[in-house]
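Peer 1: Next up is a structure, given as structure tokens.
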Amino acid sequence: MKKSCRTEISVLHDMDEPQWNVYLALGRGVRLIVYVICRILGVRIRFVDDIYEEVRENADTLIKLDKLLGITPVMGIRREVLDTYPGIMEELERHGVDVREHIHIGGNRDPNRKRLWIPSLNQPRGTWHYDTDYNKGKRILLKKGQLPIFHVDRPDFLTDYINFLYDIIVEGESVYEEE
1399 MKKSCRTEIS VLHDMDEPQW NVYLALGRGV RLIVYVICRI LGVRIRFVDD IYEEVRENAD
1459 TLIKLDKLLG ITPVMGIRRE VLDTYPGIME ELERHGVDVR EHIHIGGNRD PNRKRLWIPS
1519 LNQPRGTWHY DTDYNKGKRI LLKKGQLPIF HVDRPDFLTD YINFLYDIIV EGESVYEEE
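Here is the structure:
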């Protein structure tokens, strides 16, 4: 298996429209609305089946991207994910992912909320939304041993993650405070 991301292939990225095609956007919007209604009602219908699998597919894509670039993927998996995909931790470990159980204690508005990873990670509160800060243009410098966090269940941040990788790999930006 090749370890380098350099290859002798060219790819044509075809850009036909300056914005989303109206019919594609409308179709996606209707399917997302149906998905939300199904989640609220606790039912699952075939019409939106692929939307249920998007977060899992995004996880697989991010792992492949990390592997291509030599990034060590670490993934925090919450109990809700384990309930949906019972063998996911073992499967990810087979693909070389450092997998941690991830626990939320307290709600988002709780000033005393905590986030835990088992085995433990050094991720203080200021690192929990690294992706959101990055999306807003804030470049937070981490302490050694802390990890930048990008949420798999936020597909709208995929572009930010790729830009983040570009900034650190190509542009040489630092993720960590200087010692």
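Just so you know, we're using the working numbering here: the sequence shown kicks off at 1399 and counts up by one. The C-beta atom is built at its ideal place from N, Cα and C for all residues, glycine as well. Please read these numbers as outputs of a predicted model, since none were measured by experiment.
Which residue marks the beginning of the alpha helix (DSSP H) containing M1473, and which one marks its end?
Peer 2: By one-based count along the sequence shown, residue 1473 stands at place 75. No alpha helix (DSSP H) holds M1473; the beta strand (DSSP E) holding it covers V1472 to R1476.
Peer 1: Check whether the Cβ atoms of D1496 and V1472 sit closer than 7 angstroms, and answer yes or no.
Peer 2: Residue numbering aside, residue 1496 sits at position 98 when the sequence shown is read from its first letter. Residue numbering aside, residue 1472 sits at position 74 when the sequence shown is read from its first letter. Against a cut-off of 7 angstroms, the Cβ pair of V1472 and D1496 comes out as a contact.
Peer 1: Among the residues of its own chain, which have a CB less than 6 angstroms from the CB of Y1559, if the five just before and after it don't count?
Peer 2: By one-based count along the sequence shown, residue 1559 stands at place 161. Closer than 6 angstroms at the Cβ level, and outside the excluded window around Y1559, lie F1548.
Peer 1: Among the candidates R1523, D1414, I1501 and R1552, whose CA atom is the shortest distance from the CA of L1540?
Peer 2: Translated into the one-based positions of the sequence shown, residue 1540 becomes position 142. Ranking the options by Cα distance to L1540, first place goes to R1523.
Peer 1: Using DSSP with H/G/I as helix, E/B as strand and the rest coil, what is I1516?
Peer 2: Reading the sequence shown from its first residue, position 118 is the one you call residue 1516. Correct three-state label for I1516: strand.
Peer 1: Mark F1562 as exposed unless 16 or more other C-beta atoms lie within 10 angstroms of its C-beta, in which case mark it buried.
Peer 2: Here residue 1562 refers to the residue found at position 164 when the sequence shown is read from its first residue. Buried, because 16 or more other Cβ atoms sit within 10 Å of the Cβ of F1562.
Peer 1: Measuring CB atoms only, is the region 1482 to 1499 touching the region 1542 to 1557, in the sense that at least three cross pairs come out at less than 8 angstroms?
Peer 2: No: fewer than three Cβ pairs fall under 8 angstroms.
Peer 1: Between the Cα of Y1528 and those of L1466, D1508, E1499 and R1552, spot the shortest distance and give me the residue it belongs to.
Peer 2: Locating residue 1528 in the sequence shown gives position 130, where the first residue counts as 1. Closest option to Y1528, Cα to Cα, is R1552.
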